[in-house]
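Trainee: Below is the structure I would like to discuss, written out as structure tokens.
Numbering (the working numbering), first residue to last: 177 to 564.
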């Protein structure tokens, strides 16, 4: 059904990297969410009002919050598809993340209000009458939400949209929440407890937990996350297969929203190489990465000595000393300034983020001591870099 709607409503739907097509996918997902959730809200509200079930009413207002979330998602998708301008030279892609954050706040707010009303129901100890109409409404709701989950998951995965993937997870949560209401309807027939109110409280907690999870994931992206390891490997592989590039390091990827990734990386090239030829290779590689991976990348050239036996031997010695201190450390940009009574060994030390500042200082001092012990003429200059 979802693929059929996509093929009929979205022109050139296979060109998902184009901003206009991607926005059309988002509009379709948002529109379906608005229509489905509005229908479910009206049906459940009527069923809850007739039966007097606070759990059903809670589930109804959960669908109303989902409809509001769909509206925010739709607006966010449209805003994120806008082209770059003077005030926003990297585009508006992160607006989608902001929309996702707003959605999470809506979900948590509604969950809190429903928790309060459900608690009142428990304290009053009020029972509700069983209704087959309520059962039919809940089963219908579960089927609709299950379809919405499958649909949003497919669209979110297709266009790599965080806000639509969040909507998919929320739909799946609703399937379980509505299932809990359905269980409460039957348990109320045999148990003297205020099952309806208790189940309403559980649903409310589930709603708030889902909202918190979406907020946490969105804030993490806005603060900055490590790049996708698969993408990192792809970039490294494309660089290292190029003639004249001996090594790469310091890859940094900036995410300005889906489809708007920019990166920088250092490429080690022979110090005595043909600078014009190397520049042509670098330029061609930047264009290839842009075309194949959708990442706008800037490659910085680091000249290194290649084939110098003395430099290579000293580099290997330094690496062995580093690994004696910590085997996960690495180095790059190794170079020396040679002299009769003093030899400077200069390099960047790669240290994982998990190593605390005090531990870094201690490790650097120990590395210098171990290298100095190899030859009293060595002077070690170390620049510490974070290792991704």
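By construction, the Cβ of each residue, glycine as well, lies at the ideal position given by its N, Cα and C atoms.
1. So, at 6 Å on beta carbons, what are the nonlocal neighbours of residue 233 in its own chain, with the 5 sequence-adjacent residues on each side left out?
2. So residue 442 and residue 457 are supposed to be a Cβ contact under 8 Å. How far apart are they, rounded?
3. Considering only residues of the same chain and omitting the five flanking positions on each side of residue 455, which have a CB-CB separation below 6 Å?
4. Between residue 540 and residue 558, how many whole angstroms is the CB-CB distance? I'm expecting something under 8 Å.
5. Per DSSP, residue 429 forms a beta bridge with which residues?
6. To the nearest whole angstrom, what separates the beta carbons of residue 328 and residue 307, a pair I think is in contact under 8 Å?
7. Rounded to the nearest angstrom, how far is the Cβ of residue 551 from that of residue 527, given a contact under 8 Å?
8. Assign residue 513 to one of three DSSP states: helix, strand, or coil.
9. Measure the C-alpha to C-alpha separation of residue 473 and residue 211 and round it to an integer number of angstroms.
10. Residue 525 bridges to which residues according to DSSP?
11. Assess contact between the region 292-301 and the region 353-367, defined as three or more Cβ pairs (one per stretch) separated by less than 8 Å. Is contact present?
12. Compare the Cα-Cα distances from residue 311 to each of 219, 273, 437, 464 and report the closest residue.
13. Judging by CA-CA distance, which residue of 280, 464, 532 is the nearest neighbour of residue 135?
14. Please classify residue 462: does DSSP put it in a helix, a strand, or coil?
15. To the nearest angstrom, how far is the alpha carbon of residue 490 from that of residue 514?
16. Do residue 521 and residue 547 have their C-beta atoms closer together than 8 Å?
17. I'd like the span of the alpha helix (DSSP H) that includes residue 531, first residue to last.
18. Please classify residue 552: does DSSP put it in a helix, a strand, or coil?
19. Tell me where the beta strand (DSSP E) around residue 472 begins and ends.
20. Hey, how far is the Cα of residue 535 from the Cα of residue 498?
21. Taking contact to mean at least 3 C-beta pairs separated by less than 8 Å, is the region 362-373 in contact with the region 389-404?
22. With distances taken from CA atoms, which of 278, 263, 237 is nearest residue 251?
23. By the 10 Å Cβ neighbour count, where 16 or more other Cβ atoms means buried, how is residue 191 classified, buried or exposed?
24. In whole angstroms, what is the alpha-carbon distance linking residue 556 and residue 447?
25. Looking only at its chain, what residues have a beta carbon closer than 6 Å to the beta carbon of residue 510, apart from the 5 residues adjacent to it on each side?
26. Is the Cβ-Cβ distance between residue 206 and residue 246 less than 8 Å?
27. Can you give me the Cβ contacts of residue 350 inside the same chain, cut-off strictly under 6 Å, excluding the 5 residues immediately before and after it?
28. Give me whichever residues DSSP pairs with residue 405 in a beta bridge.
29. Indicate whether residue 475 and residue 461 have their beta-carbon atoms separated by less than 8 Å.
30. Give the C-beta separation of residue 501 and residue 543 to the nearest angstrom, bearing in mind that I take them to be a contact with Cβ-Cβ under 8 Å.
31. Assign residue 444 to one of three DSSP states: helix, strand, or coil.
32. Since residue 283 and residue 386 are thought to touch, with beta carbons under 8 Å apart, how far apart are those beta carbons, to the nearest angstrom?
Mentor: Per the coordinate set shown:
1. 224
2. Rounded, the Cβ-Cβ distance is 15 Å, inconsistent with contact.
3. none
4. 5 Å
5. 439
6. Residue 328 to residue 307, Cβ: 30 Å. No contact.
7. At roughly 24 Å, the Cβ-Cβ gap does not stay under 8 Å, so residue 551 and residue 527 are not in contact.
8. strand
9. 41 Å
10. 507, 560
11. no
12. 219
13. This structure cannot speak to residue 135, because the chain is shown only from 177 to 564.
14. helix
15. 11 Å
16. yes
17. Looking at the DSSP string, residue 531 is not in any alpha helix (DSSP H), and its letter there is neither H nor E.
18. coil
19. 471-480
20. 14 Å
21. no
22. 278
23. exposed
24. 21 Å
25. 491, 523
26. yes
27. 321
28. Partner(s): none; residue 405 has no beta bridge.
29. yes
30. 5 Å
31. strand
32. 6 Å
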